[in-house]
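Everything in the sequence shown is counted per full-length UniProt numbering, starting at 1 for the first residue and increasing by one.
Reviewing the structure listed below.
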Amino acid sequence: MRLLVVEDDEEIAEQIARTLRGDGFNVDVLNNGTDAPGEVAMNSYGLVVLDIMLPGMDGWAVCRELRKRREAVPVLMLTARDSVDDRVRGLEDGADDYLVKPFDARELLARVRALLRRDKVVRTGVIRVADMEIDSKDHRVSRAGQEIRLTPREYSLLEALARNVGRTLTREAILERVWDSEENTENAVNFHVTSLRKKVDAGHDVKLIHTVHGFGYVMRSPDGGT
């Protein structure tokens, strides 16, 4: 897969490119924002790593232009300023995720992989975690080729966990994503996770749904991805 890195700091750009290439990606590097929309239009990039502070056209303007042109490529924005206003502005301008400098190479790769997984799900409607497959269009679930029948609430809970593989969701976060009513409690989350585990993990050596004590729940794939 081919990725585009838009970063005017030559040293940082080279570090990012080297990290991504080391993970098997083909990488193009651009040192200004002005040419970025045209490069994206002319090439089939899987993802754009986009710095905010760029000569010619800043990252926010680049992102707005990409969305204006209906370019659906995932965008990971980089910035040296860790402020809520900056993050909100980037997301509102069409960015898909945000990474603050300086960052660890492992986090860069993790965020890139997560965005690519999310983009694949959007395009295909299918989420795969280990030997489990979730058809998000028809709300059908199977594991090792065997269909799993879930209630609507169980399905919503499973999809929330599967869309965040490797990321712990607190019980509060699950309530916000899966339940609309404020009347539900964390006990309701615990009850439905227990029920879901019986259907998804029972009879399988590899368990996908895990408890993070004191925090919440996480779905883990044995290969670290989907």
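All C-beta atoms, glycine included, are put in the ideal place defined by N, C-alpha and C.
For clarity, every value in this text was computed on a predicted model and none was experimentally measured.
Three-way DSSP call (helix, strand, coil) for residue i in this model
i    : result
E159 : helix
L50  : strand
L196 : helix
G90  : helix
V112 : helix
D119 : helix
Exposure label - residue i; buried when at least 16 CB within 10 Å
i           : result
E186        : exposed
D104        : exposed
V141        : buried
E14         : exposed
residue 237 : Residue 237 cannot be examined here, being either before or after the span of the chain that is shown, 1 to 226.
V73         : buried
T151        : exposed
Straight-line gap, residue i to residue j (C-alpha atoms, nearest Å)
i           : j    : result
L158        : L196 : 8 Å
T211        : I134 : 21 Å
D97         : M77  : 6 Å
V84         : G145 : 44 Å
H192        : K199 : 11 Å
residue 239 : R143 : Because the chain spans 1 through 226 in this model, residue 239 falls outside it and cannot be assessed.
D131        : V206 : 9 Å
G216        : R81  : 30 Å
For residue i: DSSP bridge partner residues
i    : result
D97  : L76
H210 : V218
Proximity test, Cβ basis, 8 Å: residue i and chain C
i    : result
D119 : Structure shown: chain C not included; a single protein chain is present.
(message) Tell me whether the stretch 93 to 112 and the stretch 61 to 73 touch, counting them as touching only if at least three CB pairs, one residue from each stretch, are closer than 8 Å.
(response) Under the 8 Å Cβ criterion, the stretch 93 to 112 counts as touching the stretch 61 to 73, having at least three qualifying pairs.
(message) Measuring CB atoms only, is the stretch 1 to 13 touching the stretch 39 to 47, in the sense that at least three cross pairs come out at less than 8 Å?
(response) In short, these stretches touch, since the Cβ pair count reaches three.
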